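A.B. asks:
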Amino acid sequence: MNNSIIEVQNFRKEYGDFVAVNNISFDVEPGEIFGLLGPNGAGKTSTLESLEGLRTPDGGKLKVVGVDPTREPRKLRNLIGVQLQSASLPESITPDEAIRFFCGYHHVAPRYDLLERLGLGQKRKTQFHELSTGQQRRLGLALAMGHDPQVLFLDEPTAGLDVASRVELHNLMRELQEQGTTIILATHDMAEAEGMTDRVAILLNGKLATIGTPTEITATGAELTKVSVFSSTGSLANRDSAFTSVERTFIKDDYHIFFSNDIGVTVGEIIKYLEVNSDPLIDLRVERPSLEDRFLEITNGGLL
Amino acid sequence: MTAFINHFLFEFRAGVRNKTQLLMNYLLPLGFYAMMGFVMVEINPGFLDVLLPAMIIFAVLASTLLGIPDPLVNARENGVFRSYKINGIPAFNILAIPILTTMLHLVIIALIISAMAGSVFSAPLPTNWLNFVLVFLVTAFASAGLSVLIGVASRSSRITVLWSQAIFLPSMLIGGLMMPYSALPEGTQLISRIFPSTHMMNAFGSLAMGTSAEFDAWASLGILFIGGVLAIGLAWYLFSWDSASGSRRGHPLMGFLALLPYIIGAFLL
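Chains as they are written, first to last, in the working numbering: chain D, 122 to 425; chain U, 52 to 320.
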């Protein structure tokens, strides 16, 4: 028996002759923070909006909390919360009115506490069009969470937010996850995806390029480790031969950058070289490939 | 029910808070009323006899045709309806609430106009107040229905202005507001009967103000009511949550069907 809270099976979405999403399948487990990544036009929005019941699939099967978004949209409404990418409320509505308005339609008491929590306490009587972009996005988030949905769809939730608001939002997401809420996070911020999600799916040209935990995805790449070296006289620039296991190298801000497929060998050789050339080592940094590196590898490499 | 009331109260407040809607709901009708009451009556004393119904009809046309469609188009194009859909707000409420809130604004403005007609301008008052209220409600309903249909069927604010003005301007010129229907040439009278304001003036005059009917006043009232129901039905049928999803059920030109009662009436009456 499938216990997934979201099931996507052979989902296909077309706009005329253009195939936006081409037979993708994945599941999301209850309580997961699931990242949906991909460059613009990859099919993220079509997938999200079909799961939210805003668009009708052209093929395949979608289930959200056991509900078909196309056939049972009314049933879906109280099960999911959605923060749309573009803030969209009547321009003269105030946060207080908006919370009352939307919570009323979800048959729950207004959650004014969310306005305080999201830093809108001082703006409760301010009209929507007078709020900053970040405040509008925070209001959208409060409205999405107001009825304690089982699944929360967040489309670029931190875009336009300052650092403090981002941290607060991330804390809130973790709290919601602890309470059992499943979160679908569409983002272009790879650091956010790597730090916040349990699993991610990367879409490319309407197809599922890869899916897994951020660690699994970074590990399945070319696995090149980045070594940055800064030495006293810069002797590394004058070496005659390449180091073993180094596949790429360049210089940036006086640092010599090496991409190695065997970090132990490469670091040993670098230190030995600096000793032989009487060039004291000032700084040496070793970095595993990030999700962003892997994302760029997938999207630029045209793996599909 | 709480949700509907919250929605209604917000929309009602927006009708005063939003500068354009405040202008259409109150400032323009009252300003025009003052101008017509003080100036037009001096130029044409006969206008005093129709001052009350003419100004109420003007208020109805301004509030509805100039006030309702644009916010609907903007809300759809800016994604407000998408937010509504995601949060389970029914399409019926999105269409019905602007009609109801506008009608409430119109009740307020009609009370002001009626109160001032006798006391400030010494204009004739209705001889049948019950019919006056009935005709007023049907008039507001018919015009609000057409306005919602224009908002639903129009792709953009520019198109909205075009359709709204296509009804509003001829209504002002040949709809019996500025000059009596009986003074129009016969061919123009036929065209005039296609516009709701002609039927509104006819119904107000005969059923409420005690003047003789230009043609069957109850038929005029029936045409207005059927036209309103048809317009709202078509608006509901043609409603789309957003222009990108292609969710509209019929072609926007189907909206012209709402004029059918008026066109049939123009030839039969």
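Even for Gly, the Cβ is constructed at its ideal location relative to N, Cα and C.
Predicted model only: the values in this text are computed from it and were never measured.
Can you find at least 3 beta carbon pairs, one from the segment 240-260 of chain U and one from the segment 183-197 of chain U, that sit closer than 8 Å?
C.D. replies: Cβ pair count under 8 Å is three or more, so yes.
A.B. asks: Which full runs of the beta strand (DSSP E) of 3+ residues lie inside the segment 171-247 of chain D, going along the chain?
C.D. replies: Qualifying beta strand (DSSP E) stretches, in chain order: 180-185 and 201-204.
A.B. asks: Can we say the segment 389-404 of chain D touches the segment 348-366 of chain D, given the rule of at least three CB pairs closer than 8 Å?
C.D. replies: Touching, yes.
A.B. asks: Give a yes or no on whether 8 Å exceeds the smallest Cβ distance from U/Ala65 to chain D.
C.D. replies: Along the second sequence, one-based indexing puts residue 65 of chain U at 14. By this cut-off, U/Ala65 is an interface position.
A.B. asks: So, for D/Val186: in the same chain, excluding its five sequence neighbours on each side, which residues have a beta-carbon less than 7 Å away from its beta-carbon?
C.D. replies: Stepping through the first sequence from its first residue, residue 186 of chain D is reached at position 65. These residues qualify, in order along the chain: Ile126, Leu200, Gln271 and Val272.
A.B. asks: Hey, how far is the Cα of D/Arg133 from the Cα of D/Val142?
C.D. replies: Reading the first sequence from its first residue, position 12 is the one you call residue 133 of chain D. Reading the first sequence from its first residue, position 21 is the one you call residue 142 of chain D. Straight-line Cα distance between these residues: approximately 5 Å.
A.B. asks: Anything in chain U within Cβ reach of D/Arg195, meaning under 8 Å, just list it in chain order.
C.D. replies: Along the first sequence, read from residue 1 onward, the residue named residue 195 of chain D stands at position 74. Here the neighbours are Gly139.
A.B. asks: With a threshold of 8 Å between beta carbons, is D/Gly423 in contact with chain U?
C.D. replies: On the first sequence, residue 423 of chain D is found 302 positions in, with the first residue counted as 1. Caution is warranted here: a pLDDT of 43 is assigned to D/Gly423, below 50, making its placement in the model unreliable, and the coordinate value is therefore given only provisionally. So no, D/Gly423 is outside the interface.
A.B. asks: Does the beta carbon of U/Thr71 sit closer than 8 Å to a beta carbon anywhere in chain D?
C.D. replies: Walking along the second sequence from the start, residue 71 of chain U turns up at place 20. With 8 Å as the cut-off, U/Thr71 does not count as an interface residue toward chain D.
A.B. asks: Indicate whether U/Val203 and U/Leu289 have their beta-carbon atoms separated by less than 8 Å.
C.D. replies: Numbered from 1 along the second sequence, position 152 holds the residue referred to as residue 203 of chain U. Numbered from 1 along the second sequence, position 238 holds the residue referred to as residue 289 of chain U. Yes, they are a contact pair.
A.B. asks: For a test of your reading of the model: does the CB of D/Ser353 fall under 7 Å from any non-hydrogen atom of the ligand SAM? Yes or no.
C.D. replies: Among the components modelled here there is no ligand, and therefore nothing to report on the ligand SAM.
A.B. asks: List the residues of chain D that U/Phe61 touches, going by C-beta distances under 7 Å, in chain order.
C.D. replies: Position 10 of the second sequence, counting from 1, holds the residue named residue 61 of chain U. Going along chain D in sequence order, the residues near U/Phe61 (Cβ under 7 Å) are Ile214, Glu218 and Phe222.
A.B. asks: In chain order, what residues of the segment 100-134 of chain U put their CB closer than 9 Å to some CB of chain D?
C.D. replies: Flagged, chain order: Pro122, Asn125, Ala126, Asn129, Gly130, Val131, Phe132, Arg133 and Ser134.
A.B. asks: Can you name the residues of chain D whose CB is closer than 8 Å to the CB of U/Ala54?
C.D. replies: Here the question's residue 54 of chain U lines up with position 3 in the second sequence. Under the 8 Å cutoff, chain D gives Phe222, Gly225, Tyr226 and His228.
A.B. asks: Quick check for students: name the residue ranges of the beta strand (DSSP E) that lie wholly in the segment 143-175 of chain D, counting only runs of 3 or more.
C.D. replies: Runs found: 154-158.
A.B. asks: Determine whether the Cβ of U/Asn76 lies closer than 8 Å to any Cβ atom of chain D.
C.D. replies: In the second sequence, counting from the first residue as 1, residue 76 of chain U sits at position 25. Chain D, which has no Cβ nearer than 8 Å to the Cβ of U/Asn76, makes this no.
A.B. asks: State the start and end residues of the unbroken beta strand (DSSP E) segment that holds D/Leu325.
C.D. replies: Taking the first residue of the first sequence as 1, we reach residue 325 of chain D at position 204. First-last of the beta strand (DSSP E) with D/Leu325: Arg320 to Leu325.
A.B. asks: Please report whether the beta-carbon of D/Phe139 lies at a distance below 8 Å from any beta-carbon of chain U.
C.D. replies: Numbered from 1 along the first sequence, position 18 holds the residue referred to as residue 139 of chain D. So, not an interface residue.
A.B. asks: Here's the rule I'm using: 16 or more other beta-carbon atoms within 10 Å means buried, otherwise exposed. How should U/Trp180 be labelled?
C.D. replies: Translated into the one-based positions of the second sequence, residue 180 of chain U becomes position 129. Answer is exposed; the Cβ neighbour count stays below 16.
A.B. asks: State yes or no: is the C-beta of D/Leu210 within less than 8 Å of the C-beta of U/Val131?
C.D. replies: Translated into positions along the first sequence, residue 210 of chain D becomes position 89. Translated into positions along the second sequence, residue 131 of chain U becomes position 80. Yes, the Cβ-Cβ distance between D/Leu210 and U/Val131 is below 8 Å.
A.B. asks: For D/Gln130, does the three-state DSSP call read helix, strand or coil?
C.D. replies: Residue numbering aside, residue 130 of chain D sits at position 9 when the first sequence is read from its first letter. It is a strand residue.
A.B. asks: How about U/Ser208 and U/Ile108: do their beta carbons lie closer than 8 Å?
C.D. replies: The residue you call residue 208 of chain U lines up with position 157 of the second sequence. The residue you call residue 108 of chain U lines up with position 57 of the second sequence. No, they are not a contact pair.
A.B. asks: Taking CB distances under 8 Å as the criterion, tell me whether D/Glu173 reaches chain U.
C.D. replies: Locating residue 173 of chain D in the first sequence gives position 52, where the first residue counts as 1. Chain U contact via Cβ: present.
A.B. asks: Return helix, strand or coil for D/Asp414, following the three-state DSSP convention.
C.D. replies: Position 293 of the first sequence, counting from 1, holds the residue named residue 414 of chain D. Helix, per DSSP.
A.B. asks: Reducing DSSP to helix, strand and coil, say where U/Ala204 ends up.
C.D. replies: On the second sequence, position 153 is the one that residue 204 of chain U refers to. Looking at U/Ala204 - three-state DSSP - the assignment turns out to be helix.
A.B. asks: Among the candidates D/Val288, D/Val321, D/Gly327 and D/Ile384, whose CA atom is the shortest distance from the CA of D/Arg348?
C.D. replies: Walking along the first sequence from the start, residue 348 of chain D turns up at place 227. The sequence given here places Val at residue 348 of chain D; Arg does not occur at that position. Out of D/Val288, D/Val321, D/Gly327 and D/Ile384, D/Ile384 has the C-alpha closest to the C-alpha of D/Val348.
A.B. asks: Would you kindly work out how many angstroms separate the C-alpha atoms of D/Glu413 and U/Ile140, rounded to a whole number?
C.D. replies: Stepping through the first sequence from its first residue, residue 413 of chain D is reached at position 292. Stepping through the second sequence from its first residue, residue 140 of chain U is reached at position 89. Looking at the two C-alpha atoms, the distance is approximately 39 Å.
A.B. asks: Ignore the nearest five residues each way along the sequence and tell me which others in U/Leu117's own chain have a CB closer than 8 Å to its CB.
C.D. replies: Within the second sequence, numbered from 1, the residue matching residue 117 of chain U stands at position 66. Once the five neighbours on either side are set aside, the close Cβ partners of U/Leu117 are Met75, Leu79, Ser215 and Phe219.
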